[in-house]
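Participant:
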Amino acid sequence: MAACSFRRSIASQLSKVLDLPPESLIKSISAVPVSKKRHVADFQLSVAAVTEDSSSESLAQDLHLQAQKLAERLKCDAVVSEISAGPGTVNFTINRELLAKTVLQQVLKDGSEYGVKSELFSTVPRQKAVIEFSSPNIAKKFHIGHLRSTIIGNFIANLKVALGHEVIRMNYLGDWGMQFGLLGVGFQCFGNKEKLKSSPLQHLFEVYVQINKEADDENVKKLAKDFFRKLEEHDEQTLSLWKQFRDLSIEEYIRIYKRLGVHFDEYSGESFYQEKSQEVLKMLEDKGLLQKTVKGTGVVDLSEKKDLSLFSTVMRSDGTSLYITRDLAAAIDRMNKHSCDTMIYVTDKSQSNHFQHLFQILKLMGYDWAERCQHVSFGVVQGMKTRRGEVVFLEDVLNEVRSRMLQNMASAKTTKEIEDPIETAEKVGLAALIIQDFRGLLSSDYQFSWDRALQSRGDTGVFLQYTHARLHSLEQMHGDKQLTDVNVACLQEPDAISVLQHLLRYDEVLYQSSQDLQPKHIVSYLLTLSHLAAVAHKTLPVKGSAPKVAQARCCLFQAARSVLANGMKLLGITPVTQM
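Every position in the sequence shown, counted from 1, becomes a number in the numbering used here once 477 is added.
1) Only counting runs of 3 or more residues, tell me where the beta strand (DSSP E) segments fall wholly within the region 729-811, in order along the chain.
2) Is the CB-CB distance between Ser505 and Ser523 below 7 angstroms?
3) Candidates Thr528, Gln1028, Leu737: which alpha carbon is nearest Leu871's?
4) Once the 5 residues before and after Phe657 are set aside, which same chain residues still bring their CB inside 7 angstroms of it?
5) Is it buried or exposed for His1014, if we count other Cβ within 10 angstroms and need 16 for buried?
6) Helix, strand or coil for Asp554? Go by DSSP, reduced to three states.
7) For the beta strand (DSSP E) that His955 lies in, which residues bound it at each end?
8) With a cut-off of 8 angstroms on the beta carbons, I'd call Leu841 and Leu805 a contact; round off their distance for me.
9) Can you give me the start and stop residues for the beta strand (DSSP E) that Gln521 sits inside?
10) Touch check for the region 578-586 and the region 790-802: three-plus C-beta pairs under 8 angstroms?
11) Apart from the five residues just before and just after Lys702, which ones in its own chain have a Cβ nearer than 7 angstroms to its Cβ?
12) If we ignore side chains and look at the alpha-carbon of each, how far apart do Gln545 and Phe520 end up?
13) Please check the pair Val757 and Val777, which I expect to be a contact at CB under 8 angstroms, by giving their CB distance rounded to whole angstroms.
14) Under 8 angstroms Cβ to Cβ from His815, same chain only, skipping five residues before and after it: list those, please.
15) To the nearest angstrom, how far is the alpha carbon of Ala1029 from that of Ser486?
16) Is any heavy atom in the ligand NAD found nearer than 6 angstroms to the beta carbon of Ala479?
17) Output yes or no for whether 7 angstroms exceeds the beta carbon distance between Arg723 and Asp810.
18) Classify Ser1039: buried if its beta carbon has 16 or more other beta carbons within 10 angstroms, exposed otherwise.
19) CB-CB under 7 angstroms to Cys481, same chain, minus the five flanking residues each way: which ones, in chain order?
20) So Ile615 is in the beta strand (DSSP E); what residue range does that whole segment cover?
21) Are Val869 and Lys618 closer than 7 angstroms when you measure CB to CB?
22) Tell whether a beta-carbon distance below 7 angstroms holds between Leu1006 and Leu1041.
23) Looking only at C-alpha atoms, which of Ile1050, Asn1043, Thr1054 sits nearest to Leu640?
24) Let me check understanding here. Comparing Cα to Cα, which of Arg982, Ser990, Lys997 lies closest to Tyr591?
25) I'd like to know whether the C-beta atoms of Phe915 and Val858 end up nearer to each other than 7 angstroms.
26) Mind checking Pro996: buried by the 16 CB within 10 Å criterion, or exposed?
27) Taking just the CA atoms, how far does Lys826 sit from Thr1051?
28) Can you give me the start and stop residues for the beta strand (DSSP E) that Gln647 sits inside?
29) What are the complete alpha helix (DSSP H) segments, minimum 4 residues, inside the region 891-963?
30) Does the count of Cβ pairs from the region 904-912 and the region 872-888 closer than 8 angstroms reach three?
31) Given this structure, state the Cα-to-Cα distance separating Ile615 from Leu678, to the nearest angstrom.
32) Using DSSP with H/G/I as helix, E/B as strand and the rest coil, what is Ala692?
33) Only counting the same chain, and skipping five residues up and downstream in sequence, which positions put a Cβ closer than 7 angstroms to that of Tyr943?
34) What's the C-alpha gap between Glu781 and Gln833?
35) How long is the line joining the alpha carbons of Gly935 and Leu941, rounded to whole angstroms?
36) Output the boundary residues of the alpha helix (DSSP H) element that contains Ile503.
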């Protein structure tokens, strides 16, 4: 990684002056974000991070003074061409030609591994993670919350895989419970085998809505109870109907997920944990953790003082399990089966309490690995509607974004004849959805807007795709340029330097996202990269320049496109080459 060699070079000089091991300094030296307003150095050292006296007593002016003293003791060398002190920082400017040469060589050599090979990750142990995401309920709406869970879980899985971790992508379906009694009765009344085969998700949803209108009828209630009891007793006929519901739904989900560019290694579900949740209740009882209430329900006391001021209900009065009991069984089972280092659950923030309770109960049961389980929560999206009204199925969203994008592309003057407009519209539209979703903190709620998401200018997924396509066609036009011995002396314009400085920061941005699992760091990095590349594209023409200059610029744009594509793929976006 280009940045690594520069950081290491700066650290080794600092280590002699500060008498600290270079390894301990590397994390304190960071690439400086590019600024539109002024020329910036390439790296800065935060003085507070390396001084012994890091109490808040050392005021800003002390730090500034320390920075100045430290800067005076350091010398420029073959790597560093300028050293200056800032407010509490020492700033380093890298030799301009070395910067260009190192960055371009590294980006083009590492290709899709640029940034992920950085030594920033050298201390991070390779781990095995189970990531549970998407997890819709059969026969119910695939709401916008499921869509968020799907794209966020996919991003976390992509990032972990890129960084060399082993990942199991798990979809935990809502495929059990009393509602299946109702659905079974509904299907016996209104079901149609042909429709079930051709469009299972829609048909089961319609049947469920229809039978729900009669759910208060005593006779229907009784039939639903009977149907579910038969399911629990493994009655063959009932079970085979339920299995059809589940299998056909999964088949259709796989097809739709494919449009999203998402796949799963395992389709699990609540149904797997019926018997196992009874075992969990027995374990809780054996460990003395299960308490019976007056109403006959089973609870686990989670309060500090053991006065039941905080508890979690794990059993109904009739002895049957609840959602959390099945989740306990699932967690224990996964750990036994996959012996993973961490389990990540991606659901909306309304389930935060549920997961706190889940992890607490696991700890009380003596499972220390519960410490390594994590709930990645996200906020609520308001106002996502399609032209037909409220979103019911994931497919509605995908069709909507595709048709709106096709319309925009048709009315845009710049659109050339492209080979597959429908496919392109879908990929660009998806980029728009994902970027709108990932721009802020995951935990924040936001108001969805089709118009804002699909704008071609500004900070949108459409703009990223447009930039990628433009840089790609530039490469196609001048693709015969040799990229080996580039004359980097031709890349000294401020707009070229800005792109290079920005490419230098990529590994730090990946590191930040890998630490807090927030995609927004990568999103804002890619948007800035696209803006910088767009400016450079205007001011540094390839066409009509002297061969050496044209070749160097080509190389710069190719490096920018390569990193842009890498980042987009991590976010779950397929870069387009025409638009």
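Backbone N, C-alpha and C fix where the C-beta goes; we use that ideal spot for every residue, glycine too. Predicted model only: the values in this text are computed from it and were never measured.
Facilitator: For this structure:
1) Correct list: 743-746, 767-769, 775-778, 788-792.
2) Yes, they are a contact pair.
3) Across the set Thr528, Gln1028, Leu737, the C-alpha of Leu737 shows the shortest separation from the C-alpha of Leu871.
4) Only Phe705, Leu708, Trp719 meet the Cβ criterion.
5) By the 10 Å Cβ count, His1014 comes out buried.
6) Of the three classes helix, strand and coil, the one that applies to Asp554 here is coil, per DSSP.
7) Neither: His955 is in no beta strand (DSSP E) and is coded neither H nor E.
8) The beta carbons of Leu841 and Leu805 sit about 11 angstroms from each other, so the pair does not count as a contact at 8 angstroms.
9) In the DSSP annotation of this structure, the continuous segment of the beta strand (DSSP E) that includes Gln521 starts and ends at 520-523.
10) No, the region 578-586 does not touch the region 790-802.
11) Residues of the same chain with a CB within less than 7 angstroms of the CB of Lys702, apart from the 5 flanking positions on each side, are Gly658 in chain order.
12) Roughly 16 angstroms separates the two Cα atoms.
13) In fact, because the Cβ distance is near 11 angstroms, the residues do not count as touching under 8 angstroms.
14) Around His815: Lys605, Val607, Ile645.
15) In a straight line, the C-alpha of Ala1029 is about 26 angstroms away from that of Ser486.
16) Because no ligand of any kind appears in the structure shown, any question about the ligand NAD cannot be addressed here.
17) No, the Cβ-Cβ distance between Arg723 and Asp810 is not below 7 angstroms.
18) That one is buried.
19) Cβ within range, chain order: Ser595, Glu596.
20) It is not in any beta strand (DSSP E) - Ile615 carries neither H nor E in the DSSP assignment.
21) The criterion of a C-beta distance shorter than 7 angstroms is satisfied by Val869 and Lys618.
22) Judged by their CB atoms, Leu1006 and Leu1041 are nearer to each other than the 7 angstroms cut-off.
23) Checked all of Ile1050, Asn1043, Thr1054; the closest Cα to Leu640 is Asn1043.
24) Among Arg982, Ser990, Lys997, the Cα nearest to that of Tyr591 is on Arg982.
25) Their beta carbons are not under 7 angstroms apart, which means Phe915 does not touch Val858 by this criterion.
26) A residue is called buried once 16 or more other Cβ atoms fall within 10 Å of its Cβ, and Pro996 is buried on that count.
27) Going from the Cα of Thr1051 to the Cα of Lys826 covers about 28 angstroms.
28) Here the sequence assigns Met to residue 647, which means Gln is not the residue at that position. Bounds of the beta strand (DSSP E) holding Met647 are 643-650.
29) As far as the region 891-963 is concerned, its whole alpha helix (DSSP H) runs of at least 4 residues are 898-915, 927-930, 938-954.
30) Result yes; three or more Cβ-Cβ pairs closer than 8 angstroms.
31) CA-to-CA, the gap between Ile615 and Leu678 works out to about 7 angstroms.
32) Three-state DSSP puts Ala692 in coil, outside helix and strand.
33) These residues qualify, in order along the chain: Ser933, Met1056.
34) So the two alpha carbons sit approximately 14 angstroms from each other.
35) Spanning the alpha carbons of Gly935 and Leu941 requires a straight line of approximately 9 angstroms.
36) That run of the alpha helix (DSSP H) goes 499-503.
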